[in-house]
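Structure first, commentary second.
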Amino acid sequence: MGLRPLAGVGDLLPAAPAQLRHPAHDPQRVPGVRSEPPRGLAHGQAGEPGPAGMTDAAGRTGHGTEPTGDMVNQVEGYLLWQARIAEAEERARAFTEPLEWLTTAQREQIEEHYVRDCLGRAKADLQRVADRCRALRGEYEERYRQLRARCLALLVAALAVVAAAALLAVAVAQS
440 MGLRPLAGVG
450 DLLPAAPAQL
460 RHPAHDPQRV
470 PGVRSEPPRG
480 LAHGQAGEPG
490 PAGMTDAAGR
500 TGHGTEPTGD
510 MVNQVEGYLL
520 WQARIAEAEE
530 RARAFTEPLE
540 WLTTAQREQI
550 EEHYVRDCLG
560 RAKADLQRVA
570 DRCRALRGEY
580 EERYRQLRAR
590 CLALLVAALA
600 VVAAAALLAV
610 AVAQS
């Protein structure tokens, strides 16, 4: 069973919600879902820079060979999907184990069907989560746009009041 590309859900199928690609540049891997892990924790243990804590004279680790966010997302998605496959296969074996009367071919066929069904449901679940993440992103972007517009309107109104007060003060001082 191979992995197939799915539009908008990363390079591997299915992608975890944290793998969603967004056209807008954002310092976070998936805006509003999860931030990128700290740089120093990517290779070593907590607080250790890079492999085995080694740095160069300038204090850099790996000489710029740290994986990009997309590559990390792809690897993470692949590993999550492989874990989902292994879990489905294990559950399929547990399902057919008590059915001693099945032939080997029948057992394999039922296990394959069970795994396909589980993975189909997992794909649908992940797609629903991804769709919900996109919808929430749109809602929050709209709210943020409205908030910016209100703040700008309040700023313009405050500046107009200050300018009017200054003009009034100048007019009173001249008369």
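Okay, so the sequence shown: first residue is 440 according to our numbering, each after it adds one.
Cβ atoms here follow ideal geometry from the backbone N, Cα and C, with glycine treated the same way.
Distance, residue j Cα to residue i Cα
i      : j      : result
Glu526 : Arg532 : 10 Å
His592 : Ala612 : Note on residue identity: the sequence assigns Ala, not His, to residue 592. Cα-Cα distance, rounded: 30 Å.
Ile524 : Met510 : 21 Å
Ala597 : Arg576 : 31 Å
Glu528 : Arg573 : 31 Å
Glu551 : Glu578 : 40 Å
Arg571 : Tyr583 : 18 Å
Ser614 : Leu607 : 11 Å
Ala604 : Arg567 : 55 Å
Val514 : Gly508 : 10 Å
Leu668 : Glu580 : Outside the displayed range of the chain (440 to 614) lies residue 668, so it cannot be described from this structure.
Tyr553 : Arg546 : 10 Å
Glu536 : Thr543 : 11 Å
Val600 : Leu594 : 10 Å
Ala610 : Leu586 : 36 Å
Glu539 : Asn512 : 42 Å
Residue of the options minimising C-alpha distance to residue i
i      : options                   : result
Gln548 : Phe534, Glu580 and Gln513 : Phe534
Cys557 : Trp540, Glu515 and Arg530 : Arg530
Gly516 : Leu565, Leu594 and Leu586 : Leu565
Taking three-plus beta-carbon pairs below 8 Å as touching, is the stretch 553-569 in contact with the stretch 513-524? yes
Quick check on the DSSP output: what are the complete beta strand (DSSP E) runs of length 3 or more inside the stretch 576-607, in order along the chain? Fully contained in the stretch 576-607 is no beta strand (DSSP E) run of length 3 or more.
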